[in-house]
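In terms of full-length UniProt numbering, the sequence shown opens at residue 1 and continues consecutively. Heads up, the beta-carbon is just placed ideally off N, CA and C, and yes, glycines get one too. For reference, the structure is listed below as structure tokens.
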Amino acid sequence: MTDNNTMEQLRSFAICGLGGIGKTELAVEYAYTRREFFDAIFWLSADDVQILTANFAQIAQQLGLEDDAQDLAASRDVVNGWLSQPLRKSNEPDTPENEVPWLIIFDNVDNLDVLSDFWPKTGRGSVLVTSRDPVAKHNIFTANGIALPPLTNIESQTLMERLTLTKADASQREALSAIVEKLGGLPLAINQMSSIFRELRLNLPDFTDPENARSLATVWALDRLSPKTRALLQVICLLDPDDIPEELLVDKSSEIELSDYPKDRGEYFRARAELLSSSLIQQNVEHQKLKLHRLVQDATKSMMNEGQLFEAFRTAIRLVISAWPFQSLKEHHSIARFSKCEIIFPSVLRLKNGLEPFITGPSNFALDIRVAQLFNDTGWYMFERGLPEELEPFCNLALVIGEKLGINSNEEIMRTIRESHSFLGISTVETNEHDLSLFHKRMWLDMLLERESAPGVPIEDYELGYAYNEIGVAYGNDQRLEAAAQAFIRSIEIFQELPDYEDTMLGWPEPNLGFIYWMQGKLKDAERVLIEILDIHAAAWGVDDTKSFKYVPLQADIFSEANNGRTGKILYGMGNVLQDMGLFDDSLNFHRRCFLQFKKTLGTNHHRTGDICHKMAGHCMRQVLLADFVRVYLNQALKIFSGRQHLINELARTTFKKGALFRLVGDNSKAEETMARAYELRRQLMPRDVRPLTELTEKDFDMLVAFWSR
1 MTDNNTMEQL RSFAICGLGG IGKTELAVEY AYTRREFFDA IFWLSADDVQ
51 ILTANFAQIA QQLGLEDDAQ DLAASRDVVN GWLSQPLRKS NEPDTPENEV
101 PWLIIFDNVD NLDVLSDFWP KTGRGSVLVT SRDPVAKHNI FTANGIALPP
151 LTNIESQTLM ERLTLTKADA SQREALSAIV EKLGGLPLAI NQMSSIFREL
201 RLNLPDFTDP ENARSLATVW ALDRLSPKTR ALLQVICLLD PDDIPEELLV
251 DKSSEIELSD YPKDRGEYFR ARAELLSSSL IQQNVEHQKL KLHRLVQDAT
301 KSMMNEGQLF EAFRTAIRLV ISAWPFQSLK EHHSIARFSK CEIIFPSVLR
351 LKNGLEPFIT GPSNFALDIR VAQLFNDTGW YMFERGLPEE LEPFCNLALV
401 IGEKLGINSN EEIMRTIRES HSFLGISTVE TNEHDLSLFH KRMWLDMLLE
451 RESAPGVPIE DYELGYAYNE IGVAYGNDQR LEAAAQAFIR SIEIFQELPD
501 YEDTMLGWPE PNLGFIYWMQ GKLKDAERVL IEILDIHAAA WGVDDTKSFK
551 YVPLQADIFS EANNGRTGKI LYGMGNVLQD MGLFDDSLNF HRRCFLQFKK
601 TLGTNHHRTG DICHKMAGHC MRQVLLADFV RVYLNQALKI FSGRQHLINE
651 LARTTFKKGA LFRLVGDNSK AEETMARAYE LRRQLMPRDV RPLTELTEKD
701 FDMLVAFWSR
């Protein structure tokens, strides 16, 4: 990459080579020595999509693009937008003086597919990739690169002499050559061997002893670690190698299964000191985190037999479970735990990936329902961070654990299985997998209805009310409107009979009931229940939300700030009802308020913000003179929907709407082209519907999306 702070086009370079060859160190050196050419440098561990997504959310906050990056997918899109147009001041022109030269380093990219959603789409910066995959230097992302070769025998000898502060004489030269030959020309291995040489005050011939050269694990001298240090390393190697919070590892004596694992702070500090002095781990003192090289990680795993590996996994799982901030059903959608989850999530992900083959396949690993509970809750955390598609791997694995332990077992196992079904049912609505959602929600509800507090006495609790609400959602998306309405009414009845009932509990079923009444044409009933829940929200969270009902001119600043509130979905429904009543100005006011609510609470890149942008475009299209505003809304919606495969339903609908706009303004060529694109998207979703485009209406495209988005 040329050192030039005029970023006219994206420049990229890949450093490839074996593990331990020095790729990361070379990237560090480049970033350090070229730092004067970049105003922003981002270092990202890039071997997993979920971790990269979380890192992009942190970048969004560091750059001041978002105050609170709750939706990780939206934050990723925000950062990608900034990378394409990196302005110091967003309200000033795009000039060289206002442009920020940036460098992103994607470290440890062993699966190039991981980069697809994170690679900058246009120019304006520099990207450096490190990877063990030689294909990385010439692929769809990078056109230039280098494969670092191992050090030659002579280079390896010279490096080892420098690191050991010795000079081999003629009689020792053969021994030195034999040593470095076994190390494969890997600088990391040579450095580690030199550390052992210095610590043990050995001479070169000692290293040629076959007993000292069994494997790469011997290079790291793992077999000579003290038992407590080895046990600590065995647990560490199962966690995220780049980001291990020390709070997971210390003061957890009651959670430990490994007999040699450090039981108190003193033992932990001594074991950690031995790992540090042996150069097996690195420590970030400021953030109290540890890091180890992947070669050390692999070597440690290879030294454990199956029994030792399972024991280490069980200890690691218990340590993580003791630190993970679990959330109850009533606490869902609270953001209070996000910061704690961000710290621990990478290690939960590594544990899930490591355990999955033993859970799904034949093995002697003892299943534990607490592992399923951890995976369920982690999946839900992914859902709450705007990544519903990432919930499924966690909760599906939790479901496997629960079912293997026995579906008719104790209440704790049954509750965990229900939780898996509930989370999968809720998340698949957001990914437009409505048949799958109905299946999981039906399983959830059926299991709840089997419970009895006494023979013939069913249990009616908060979870049952919640489940009836969710089965109503599934029925609504399956066009079983009367069944949906009855489910929502039943949900309301159950909530209202609870001893700890609060009106705000109706915030789940009552807005949904309003939408169903609207779709049934029962507009007065819809208006009644939506106004009722609006009043409940105002009483609970402040009457300032009523300010949003004042008329706001349609041409007002489209992306201005709004008062905080939680009533966006209800306002959306009210706008729909009033529109069907023919009260277009009142409908506009409610939809405008919904837009401001979603923009404030969810951000401009959330898919629900895309829904209301689509709706606002419809209002603008009634006034052809406001075509420019229609384009702003539609383009924002298309930007949101285009970035995520599971939003293809919404993308098809809004693409059709944009085609209608072109037709409205007389651009028939673009109208035909755009509507044809929408038609093809719809055919992917509904291949059995062979009607031609000319027979389709906007309602046909509306039916592609969830009922609360219509």
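Asked                                                                                                                                                                                     : Found
Run through DSSP, which three-state label would Q623 get?                                                                                                                                 : coil
Could you check whether the segment 348-362 touches the segment 575-584, counting it as contact only if at least three pairs of C-beta atoms, one from each stretch, sit closer than 8 Å? : no
In chain order, which alpha helix (DSSP H) runs of at least 4 residues are fully inside the segment 32-79?                                                                                : 49-62
Using the C-alpha atoms, what's the distance from P511 back to G476?                                                                                                                      : 13 Å
Looking only at its chain, what residues have a beta carbon closer than 7 Å to the beta carbon of M675, apart from the 5 residues adjacent to it on each side?                            : F656, G659 and L693
Taking buried to mean at least 16 other C-beta atoms within 10 Å of its own C-beta, is H614 buried or exposed?                                                                            : buried
In whole angstroms, what is the alpha-carbon distance linking V543 and H537?                                                                                                              : Annotation note: pLDDT 48 at V543 (below 50); position unreliable, coordinate value reported separately. The straight-line gap from Cα to Cα measures roughly 8 Å.
What did DSSP end up calling K330 once you bin it into helix, strand or coil?                                                                                                             : helix
How would you write the range of the alpha helix (DSSP H) that N649 sits in, first residue to last?                                                                                       : I648 to L664
What does DSSP give as the partner residues of K291 in its beta bridges?                                                                                                                  : Q282
Which word fits S278, buried or exposed, when buried means at least 16 other C-beta atoms lie within 10 angstroms of its C-beta?                                                          : buried
If you run the structure through DSSP and keep just helix, strand and coil, what is G20?                                                                                                  : coil
Which residues in the same chain have their Cβ closer than 7 Å to the Cβ of L602, if we skip the five residues on either side of it in sequence?                                          : D71, R608 and T609
From which residue to which residue does the alpha helix (DSSP H) around I533 run?                                                                                                        : L523 to W541
Can you check which of these residues, A27, I369, P325 and L329, is closest to I41 by C-alpha distance?                                                                                   : A27
To the nearest whole angstrom, what separates the beta carbons of T130 and K291, a pair I think is in contact under 8 Å?                                                                  : Contact flag wrong, Cβ pair sits at about 15 Å.
To which residues of the same chain is K404 closer than 7 Å at the C-beta, ignoring the five residues directly before and after it?                                                       : L367
Is the Cβ-Cβ distance between G507 and A74 less than 7 Å?                                                                                                                                 : no
The beta strand (DSSP E) spanning W102 covers which residue range?                                                                                                                        : W102 to D107
If the criterion is Cβ atoms closer than 7 Å, does the pair V285 and R265 meet it?                                                                                                        : no
Just to confirm the assignment: which complete alpha helix (DSSP H) runs, minimum length 4, are found wholly within the segment 476-508?                                                  : 481-496
Between the alpha carbons of W82 and T95, how many angstroms are there, rounded?                                                                                                          : 14 Å
By how many angstroms is the C-alpha of A312 removed from the C-alpha of Y261?                                                                                                            : 9 Å
Work out the CA separation of P187 and A178 for me, nearest whole Å.                                                                                                                      : 16 Å
Measure from the alpha carbon of G666 to the alpha carbon of each residue in L685, A627 and T654, then state which is nearest.                                                            : A627
Just list the residues that DSSP pairs E452 with in beta bridges.                                                                                                                         : P458
With a threshold of 8 Å, are at least 3 pairs of Cβ atoms found where one atom belongs to the segment 442-454 and the other to the segment 491-498?                                       : no
Under the three-state reduction of DSSP, which class applies to G11: helix, strand or coil?                                                                                               : According to the sequence displayed, residue 11 carries Arg and not Gly. Residue state, collapsed to three classes: strand.
Does T697 pass the burial test, meaning 16 or more other C-beta atoms within 10 Å, or should it be called exposed?                                                                        : exposed
When the Cα atoms are used, what is the spatial distance from K121 to K522?                                                                                                               : 47 Å
First and last residue of the beta strand (DSSP E) that includes I146?                                                                                                                    : G145 to A147
Taking a contact to mean a Cβ-Cβ separation below 7 Å, would you say K301 touches C237 in this structure?                                                                                 : yes
Within the present structure, is the beta-carbon of L513 separated from the nearest heavy atom of the ligand PLP by less than 6 Å?                                                        : Absence of the ligand PLP is noted for the structure shown, with no ligands found whatsoever.
Tell me the DSSP secondary structure of L588 in three-state form.                                                                                                                         : helix
So T130 is in the beta strand (DSSP E); what residue range does that whole segment cover?                                                                                                 : G125 to S131
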